[in-house]
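Quick notes on the structure that follows.
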Amino acid sequence: MPGTKEAPREKTFLLARPEARVLDWLAQRLPARVMPDHMTALGVAAALGIGAAYWLTLRDPAWLWVASGLLVVHWLGDSLDGTLARVRRIERPKYGYYLDHLVDAGATIVIGAGLGLSPYLSLVTGLAIVIAYLALSINTYLETQVFGVFSLGYGRFGPTEARVGLIALNLALLAGATGILDIAGLAIAGLMLLGLIVRAARNLRVLAEREPAGVVRT
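Each residue of the sequence shown is one higher than the one before, starting from 458 at the first, in the working numbering.
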């Protein structure tokens, strides 16, 4: 994902280190004609395909295989664009930061809606997960502005782990595990919002210590 030099990235999630090595290896071997915006476009196309594949499971569960494959393509496009720009030293920090998060929000909505339109998850649950994910994302962007560090992920869980989790979910659905998916989905959304509350409380405590109330500032 294209980043910004003004806010260094903090990656604490489980797959961060091996992912970075793979992305660097790929970026160094891509043809010169392949540009970061091409990878961003690939990620957008993959997100649209994932949403469509989930919707098409109404006709045939085999579309879950397509959704899983496109999740890998989405990871490639979404993660490699910024790495490619960095490796080639052609970063556009503000452009990349804005485009990246705009695209991420759209991809989240499309994939969540696709799941909600599938026979496996209700639309309400799918949209609940989307809202919770977007709320976490908004908090991350706010943290970037007030703390000057762009923290990718919450604890040990980040975007790559989310994609791995979706692929595992697809495999479970293909195996017939469909009974409690709505309950699990709502539980995941609840945990995401709980994580947001805990993180926001911590952030406000730190900011209150840095800027005590009632102090006259000149």
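Glycine residues also receive a C-beta, built at the ideal position from the N, C-alpha and C atoms.
query	result
Below 8 Å on the Cβ atoms is my contact criterion, and I expect T540 with D481 to pass it. Report the Cβ-Cβ distance as a whole number of Å.	6 Å
Would you mind working out which of A585, L591, A665, V621 sits nearest V603, comparing C-alpha positions?	A665
Per DSSP, what kind of secondary structure is S536 in: helix, strand or coil?	helix
Compare the Cα-Cα distances from I624 to each of P488, T601, V529, M649 and report the closest residue.	V529
For A542 and A473, what's the separation of their Cα atoms in angstroms?	18 Å
Give me whichever residues DSSP pairs with Y611 in a beta bridge.	F614
Should L599 go down as buried or exposed, given a rule of 16 or more other Cβ atoms within 10 Å for buried?	exposed
In whole angstroms, give me the CA-to-CA distance for V560 and V501.	7 Å
Of the residues L513, R478, G508, which one's Cα is nearest the Cα of G583?	G508
Figure out for me which residue from L533, A670, Y611, T617 has the closest Cα to the Cα of L653.	Y611
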